[in-house]
Ligand code: NAD
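Residue numbers (the working numbering): -3 to 499.
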């Protein structure tokens, strides 16, 4: 099997200078990047930055994606990006550069560690130490949306097996590499049985290969509630894009680290490292910004490129600086702080402690990690795919499902007949309830079924694509407005579509 290395974290420190693309960004970006690079340099990080322009300056030239061709070239050549936040211009037509970077570069995993720095940074959860691993490319963020009727808009939730396998394996490998004990999967597969069901299924399958790691799956609603109430019970959490987006912000907020946390976006052979906060234009050019978020991102980057020893050295110096009450304005508090410092002074203080270790906070020890994270190439298994029917979506402005049902009963194609009609997923024909509210968006399921007398249940019969075309022509000829169709398949005799609620 062809393995793809997504991290070069190793026990052997790499001495060669690693080229990285560095974007100073907008707002406070240049100030926090200068502070961060000074610390990296003083600690002896073996990096060779190539500065690139992205963000406001580029948007202002009329480039709606905020990134020039030269910057793309530098990123693709160097494969590692350390990025300050950028300001996304308001108004239509501008694309989010972060989304563009993540998707174009295939950065499938977003990793956000959040650990409490109590009492130096306020949190109600002093023992919190969680890493959220969020799938970064799929789910509702595929951005495929359509208005289908006057009343109804739709967003496609795409979950793929390769996407699930990559992210779930990455989470388990991450747990092993960073000496974590437990991985919790968060899904909503009690409702979304196919999409979230696949994520959960893959978690169970891949989990078999990681029996040394404790495993748990939780429904996202109760999972997020517990994370907010008892974050110390979690270690590594793996989840899909939207849930991950939400819970990683919950985690950062309750950990007190919105201004302090770094994150990374990991791809097959590219990775991007950044703070989780934005460009903070309200405090730009004032030397009051806290560079810790970007510094933590840079620490993740050093670990990723195999410079764990230097990553530990910087992290421990940073923890020691915080412990000694040297704080920027955003975290300065009379009770725990000793001196209020500027962005640049904070960097000086960290540099002055590069040989120090924290006395109370947990010492960083990445050097003892267990090596390279490898994600195997996806191998698609072949399944027998059988067409068994079609869901036809109609725009129909009337409200009586029985009237529509009766009309559709008369329209058949070969053996394919109407099985049911749903409105917003709820079965309204046959035998619907008067109370169910109906919009102008009707899903009409046509299948060819037979009775399995032995097991006393319906079985689907194979249909031909031509029959579907014939059916659609007949519907159209009867004045019905077909807005979309969804073919119904079985894969290896297993139903590849959900049942209507009440079907
Ligand atoms: P923000 O994170 O920039 O600021 C929110 C608040 O936190 C502000 O009061 C700010 O002063 C403070 N803050 C943020 N970082 C800080 C730091 N390092 N030190 C001290 N205080 C800090 O969020 P926002 O105001 O919603 O967004 C500002 C701009 O940043 C927007 O254009 C937004 O699109 C962009 N943004 C970019 C990224 C990114 O590039 N990754 C992420 C989020 C927001």
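Cβ coordinates follow ideal geometry from the N, Cα and C atoms, glycine included.
Have a look at residue i and residue j and give me their C-alpha separation to the nearest angstrom.
i	j	result
residue 294	residue 258	8 angstroms
residue 209	residue 232	10 angstroms
residue 442	residue 151	23 angstroms
residue 201	residue 162	12 angstroms
residue 132	residue 70	22 angstroms
residue 8	residue 305	Caution is warranted here: a pLDDT of 48 is assigned to residue 8, below 50, making its placement in the model unreliable, and no coordinate value can be reported.
residue 120	residue 274	24 angstroms
residue 308	residue 170	17 angstroms
residue 22	residue 90	16 angstroms
residue 72	residue 266	8 angstroms
residue 361	residue 424	60 angstroms
residue 490	residue 142	29 angstroms
residue 429	residue 411	28 angstroms
residue 13	residue 45	10 angstroms
residue 289	residue 321	17 angstroms
residue 253	residue 241	16 angstroms
residue 332	residue 116	6 angstroms
residue 194	residue 215	14 angstroms
residue 402	residue 414	10 angstroms
residue 330	residue 283	20 angstroms
residue 312	residue 377	46 angstroms
residue 110	residue 310	17 angstroms
residue 172	residue 188	30 angstroms
With respect to the alpha helix (DSSP H) encompassing residue i, which residues constitute its N-terminal and C-terminal limits?
i	result
residue 319	304 to 319
residue 344	339 to 348
residue 118	No alpha helix (DSSP H) holds residue 118; DSSP gives it neither H nor E.
residue 96	93 to 100
residue 165	157 to 173
residue 19	Run containing residue 19: none in the alpha helix (DSSP H); it sits in the beta strand (DSSP E), 14 to 19.
residue 500	Limits of the chain in this structure are -3 at one end and 499 at the other, which puts residue 500 out of reach.
residue 290	288 to 300
residue 249	237 to 250
residue 27	25 to 39
residue 510	Only positions -3 to 499 of the chain appear in this structure, which leaves residue 510 out of reach.
Answer with buried or exposed for residue i, where buried requires no fewer than 16 other C-beta atoms within 10 angstroms of its C-beta.
i	result
residue 516	As displayed, the chain neither begins before -3 nor continues past 499, which places residue 516 out of reach and without an answer.
residue 32	buried
residue 374	exposed
residue 297	buried
residue 303	buried
residue 39	buried
residue 149	exposed
residue 315	buried
residue 342	buried
residue 502	As shown, the chain starts at -3 and ends at 499. That puts residue 502 outside it, with no answer to give.
residue 482	exposed
residue -1	Note that residue -1 scores a pLDDT of 44, beneath 50, so its modelled location is shaky and nothing firm can be said.
residue 191	buried
residue 3	In this prediction, residue 3 scores a pLDDT of 45, lower than 50, which makes its location untrustworthy; the coordinate-derived value is nonetheless stated afterwards. Looking at its Cβ environment, which holds 16 or more other Cβ atoms inside 10 Å, residue 3 is buried.
residue 495	exposed
residue 323	buried
residue 355	exposed
residue 345	buried
residue 168	buried
residue 372	exposed
residue 487	exposed
residue 104	buried
Which partner residues of residue i appear in the DSSP bridge assignment?
i	result
residue 232	127, 179
residue 490	487
residue 269	78, 260
residue 409	412
residue 215	183
residue 332	Answer by DSSP bridge pairing: none, since residue 332 is not bridged.
residue 450	Residue 450 is not bridged to any residue.
residue 45	16
residue 150	142
residue 480	389
Output the boundary residues of the beta strand (DSSP E) element that contains residue i.
i	result
residue 111	105 to 111
residue 55	Taken as a continuous stretch (DSSP letters only), residue 55 belongs to no beta strand (DSSP E), being part of the alpha helix (DSSP H) at 52 to 56.
residue 390	381 to 391
residue 439	437 to 443
residue 141	141 to 143
residue 425	422 to 425
residue 209	No beta strand (DSSP E) holds residue 209; DSSP gives it neither H nor E.
residue 324	322 to 324
Under a CB-based cut-off of 7 angstroms, is residue i close to chain C?
i	result
residue 373	This model lacks chain C altogether, as it is built from one protein chain only.
At a cut-off of 6 angstroms, is residue i close to the ligand HEM when judged by its beta-carbon and the heavy atoms of the ligand?
i	result
residue 214	Ligands in the displayed structure: the ligand NAD; the ligand HEM is not one of them.
inquiry  = Quick check on the contact list: which residues have their beta carbon closer than 5 angstroms to a heavy atom of the ligand NAD?
reply    = After applying the 5 angstroms Cβ criterion, the set is 81, 82, 83, 84, 255, 273, 274, 275, 276, 278, 279, 285, 286, 326.
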